[in-house]
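In this note's numbering, the protein residues as written are 22 to 167.
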């Protein structure tokens, strides 16, 4: 039971980490890597922004290793929470919203449509200033009502 609570707590906490990282790192000191993501059309399969997947994967890999070495201790379940959040982020952000993979083009789900609308509002700003909606899985309720 405690393992599941650790996993769930880390998964939920990752939304806070994502929001803070997106607002203050991606739209701040590491804007160089994130800027191409805010351009209307990007010509290549990969963006500089994809470096953030690697950055977030490194702690997961280290925690998986340490958690397995420690006999599947709490570090393993922290890594599971981070990795599961990363997978959900990929599915929502890259697959559903940006359609980098054309798997879910015509959803009728109000939650997913709300996420899409909030992200569209985020991307209306092409520069690093004046951004809004920095989260991914939890966005303001007004986007579900629009």
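Glycine included, every Cβ here is placed at the ideal spot set by N, Cα and C.
Asked, Found
"DSSP three-state assignment for residue 166, whether helix, strand or coil", "helix"
"Assigned exposure category for residue 83 - 16 Cβ within 10 Å defines buried", "exposed"
"Expected contact under 8 Å - CB spacing of residue 149 and residue 52 to nearest Å", "5 Å"
"Residue 36 versus residue 109 - alpha carbon distance", "11 Å"
"Close Cβ partners of residue 131 (< 6 Å) along its chain, the five nearest in sequence each way excluded", "165"
"Burial state of residue 104, where buried means 16 or more other Cβ atoms lie within 10 Å", "buried"
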